[in-house]
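Down below is the structure, laid out as structure tokens.
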Amino acid sequence: MIDVTLESVSKRFPRAGDTAAVDDVDLRIAAGEFFTLLGPSGCGKTTTLRMVAGFYFPSSGRIRFGAEDVTNRPPNKRDTGMVFQNYALFPHLSVAQNVAYGLKIRKVGRADAKRRVDEALGEVHLAGYGDRRIDQLSGGQQQRVALARALVIRPRTLLLDEPLSNLDAKLREETRVEIRRIQKDSGTTALYVTHDQAEAMAMSDRIAVMESGRVRQVGTPQEIYHRPATAFVARFIGRSNVLSVPVVTAGPDTVTVALPGGREVPVAAPADHGLHEGGTAQVSVRPEHITLGAATDEDAITGRVTELEFTGMATNLLVDVGGGEPVQVTAIDVPARIAVGDQVGLRLPAERMWVVAA
Amino acid sequence: MGGGSLSTIPATPSAATVPPITEDPTPPGRRSRRPGLNANSRWFPYVLVFPLVLILFGYVVQPMLATFGESVGVDGPENWASFLTGDGVARSALLTSLMISAASVLLCGVVGVAMAFLLKRFSFPGRRLIEAIILVPAALPPLIGAISFQLLYSETGILPRALQQLFGTENPVLPFSGIAGVLVVHTFTMYPFFYLATSAALTGMDPSVEEAAYNLGAGRVRVWRTVLLPMLTPALVSASLLVFMTSLASYTAPLLFGVDRTMTMQIYINRTNGDLPMASTYASVLAVVSVLFLLGMRWYEGRRSYRSQSKGVASHRRELTNPFARWLALAASLLAVVVLLAPVATIALVAFSEDGTWTTEVIPSGYTAQNFTTIFSDPDAYRPILNSLQMSLLATVGCVVVGVLIAYAVRRLDFRGRGLLDVAVMLAWALPGTVVAINLISAFSTGNAFSFGQVLIGTFWIMPLAYFVRFLPLVFRSSSATLAQLDPSLEEAARNLGASWWRAFGTVTLRLMLPGVLAGALLAFVNGVGEFVASVLIYTSETAPISVEINNRMYSFEVGTAAAYGMLQVVLIFVVMVVSGRLQNGGRAAREATKWTA
């Protein structure tokens, strides 16, 4: 078990001009932690992972495994186990030979290697598959071979690059539970890359949300969900309404804002919010936290329903509250009589709202 | 790395021995143990590429410059001017060559496109058989191919004489001679460029695109004009450029049908008359035209390509239902089979004929197996076979080492000048064999750095060197095509698991490239064994290869023996074709490379 530290790591590609693929990233991944880099494609998450693996070298900054500086160390001297998006299994080798590849390089004795390979295959529920050819396995099985191959060398860190993206939805959910279990059992520090926020939430101890090469927020899934740092994080993790509202008074950790319709409510804010009276605050509120009522309800914001979509478990509505983007609402029980064009009342709970950076 | 145990460090230095914060990017004792080649250095690509650049410069580019230098030496201005003005040989040779090439494009286009449409769009009796043998005439080595057409269709050929006998006329009927003969050879051997390009385009085309046009109300003619032809344009343009270049480089057809006023023939004639400056001028002009075509082709292929991306329904062939049409199709198929197999059959037949027995008869009158005994038992006759095998083998080894590494560098490494490296290999491919030979003559009739100060002309080594230059692109192309199918993450996975660059390259990348490399190597080898065009300009009596020997035997009317040598080449080619087809993936790579065979 070892912790992994990134200190102001940046990566610029020579052909890409001045823009940095990864821009001044600071991360500290604790030993044994399951840490996820989450973000849309092109946000720099895979580039970051590849720098930890040693396939790219940072343009500036340092990477450490424990106290050891590995910044410019070649990939084959890092002792990381990587699971690739397309698994990268060697098609000319059998399942067992694939898993044994890293052991052979480490000159592990034949008997010992065989025992460890069998153990690793057992761990991923593929005992007895050692002699199969790779193309005789299903996608899910290949994925597990890749995991066994990465773990059998007892790596200092496990690196996973969107390992579930080639599986179908049901298998994806089963496999993420498996990966999490195996990682906990082995106690290996894991760095996981994904663009799927549900996957990140379900698996991770902590998540770093990345956008345009920068880390926007680091935190536990709960922190990121309930206290998103920026409008981007709020919208990327689940769905969120980000309302631009005038600031009435600004305190150290609370900002009172005027909601559409004029009601003034105190909203929790991060300490460095930098807002002052007369300014505009960005306030995030989740669609499922808004309650739907009649337009005549006291304290409710009135608006007109512009879209209505029944999904079975819940109903999604878009409500035009006059000015700004329409408000998204998700409600479990919606009176059947409500239709597009109706006036409704929305109640926004102050305790569920949160000031985010623009 | 002998005795490494004393000097090397434990595999993982414990964290305690390393100072917690160090500004040194490489922790002490962690430097690469292979100082010459650290695969992770920014300079690694250049270290790998430098020798490759040196080889391409030394044996492809520098010789071309030497030829150019030769051409602007003595009488340079007059020699060059003779192409632009006047009515001398030079100008007429250039015009004739261009005219033959243009006519070849037209003829091959008509034949190739028609064949592609018939075979890909219709279903009729005999279709599969034709598809199986359609590339046979083009697979023949250049010299033996041209000879077979001469034996079949020239004034002394089998067909005109058979028709003469049949109709009882005074002279052979419908003999091909001169430029017409050259065009027959070109059409038969080069239409596959059009056939392959068009059938690939037709197969890759989503039939629903055509159906959409019909659905929108377009008639048959309009669909052709507005959908099919525009979608085929890229294939047709590429094929036209290829046929034009190949015709321009063609040497054996004009040689056998006695068309002296072509560029390639003039190079040969001037060289044998000892006028190297004039030969160099011809070679330079031909090189310039070829390079222009090469660049044009690259530009055009980079510009556009239509590939339908939808999965859609597979195109289905139209079944011929009319019984009369079916009989007609069957008859036409049989005729096509006969025509396609006739060249090989002729060589096989003549190989068993007694030398000197075939004079005015339709086919030879006396038969024997003596020719084969001769070429394998008579030491003098066996020598060319040994030469060819030896020289091709040497060249092939060189092609594999250099070709694989260039393919890897171009596909996988990021370095300045990558495009130039690619162009230099393609240059070797674009240059006609005659020009390659003249280039090597210009460069290596005196010693220079790339021959280690030795004069190579008149030695054994110039031959494998010429084969290396000519067939390097084949190995490069097939290796590169296989590499393109390989996910780079395989090599990364090996590196991640602890393999050094060398080990990852050897155990994963090269291992998986093997079928393609092997297919390319076999192709280079058979092309070497069949090589004639460059050999005939640089061979010595000790290094004469099979094709040169065939040519010499033809001159001394030992047609049977010549054909026996030819059969040897043909059999080798078919064995290699079968083996390549068996190689997993290799078949595809070989086809890719075959598109490049000039």
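Chains as they are written, first to last, in our numbering: chain B, 1 to 358; chain P, 359 to 956.
We treat Cβ as the ideally placed atom computed from N, Cα and C, and that holds for glycine.
Between the alpha carbons of V418 (chain P) and P403 (chain P) lies a distance of about 21 Å.
A straight-line Cα-Cα distance of about 22 Å links R770 (chain P) and R78 (chain B). Among the residues facing chain B, N797 (chain P) is not included, as its CB has no counterpart in that chain under 7 Å away. The Cβ atoms of A231 (chain B) and L292 (chain B) lie no closer than 7 Å to each other. Going by C-alpha positions, S750 (chain P) is about 16 Å away from V928 (chain P). Pairing A229 (chain B) with D297 (chain B), the inter-Cα distance amounts to about 32 Å. Rounded to whole angstroms, the separation of the alpha carbons of A497 (chain P) and V581 (chain P) is 35 Å.
The CB of G102 (chain B) comes closer than 7 Å to the CB of L855, G856 in chain P, given here in chain order. Excluding five sequence positions before and after P91 (chain B), the CB atoms of its chain that fall closer than 7 Å to its own CB belong to I134, D135, given in chain order.
Nearest neighbour of T280 (chain B) by Cα position, chosen from B:L191, B:V242, B:P14, turns out to be B:V242. Contact between K11 (chain B) and S41 (chain B) does not hold, since the beta-carbon distance rounds to 16 Å and is not under 8 Å. Assigned with DSSP and collapsed to three states, Y129 (chain B) falls in coil, not helix or strand. When the beta-carbon positions are compared, M473 (chain P) and Y572 (chain P) stay at least 7 Å from each other. Residue pairing by DSSP places G219 (chain B) opposite B:I207 in a beta bridge. Using beta-carbon distances, S837 (chain P) does not count as an interface residue toward chain B, since no partner is under 7 Å. For F310 (chain B), the pairing in a beta bridge is given by DSSP as B:T315. For F13 (chain B), the closest alpha carbon among the candidates P:G724, P:A611, P:L442, P:F773 is that of P:F773. Residue P:F915 holds the alpha-carbon nearest to the alpha-carbon of I505 (chain P) among P:E569, P:F915, P:L560, P:M935. Within chain B, no residue has its beta carbon less than 9 Å from that of E428 (chain P); the closest one is some 40 Å off. Around the beta carbon of Q222 (chain B), a 10 Å sphere encloses fewer than 16 other beta carbons of the protein chains shown; the residue is thus reported as exposed.
For E68 (chain B), the pairing in a beta bridge is given by DSSP as B:F65.
The region 822-837 of chain P and the region 874-883 of chain P touch, with no fewer than 3 CB-CB distances between them shorter than 8 Å. The Cβ of L509 (chain P) sits no closer than 7 Å to any Cβ of chain B. Taking the C-beta atoms as reference points, V866 (chain P) is found no nearer than 7 Å to A824 (chain P).
Taking 7 Å as the cut-off, the Cβ atoms of A597 (chain P) and F551 (chain P) count as close.
The beta carbon of H125 (chain B) does not come within 7 Å of any beta carbon belonging to chain P, so the residue lies off that interface. For P75 (chain B), the neighbours in chain P by C-beta distance under 8 Å run, in chain order, N398, E850, R853, N854. Residue range 447-479 is occupied by the alpha helix (DSSP H) that includes R449 (chain P).
Excluding the 5 residues flanking it on each side, I29 (chain B) has same chain C-beta neighbours closer than 7 Å at D3, V4, F35, T189, L191, in chain order. Within its own chain, the residues whose Cβ lies closer than 7 Å to the Cβ of Y640 (chain P), once the five positions on either side in sequence are excluded, are M621, Q624, I625, N628, listed in chain order.
DSSP places F802 (chain P) in the uninterrupted alpha helix (DSSP H) bounded by 791-802.
P500 (chain P) and V52 (chain B) have their C-alpha atoms roughly 55 Å apart. Listed along chain B, no residue sits closer than 8 Å to V695 (chain P) by beta-carbon distance, the nearest being about 38 Å off. Interface annotation for the region 857-871 of chain P against chain B: A857, S858, W859, R861, A862, T865, V866, R869, L870, criterion Cβ-Cβ distance under 9 Å. Take the alpha-carbon of A645 (chain P) and the one of V531 (chain P): they are about 39 Å apart. For Q141 (chain B), no beta strand (DSSP E) encloses it; the enclosing alpha helix (DSSP H) starts and ends at 139-151.
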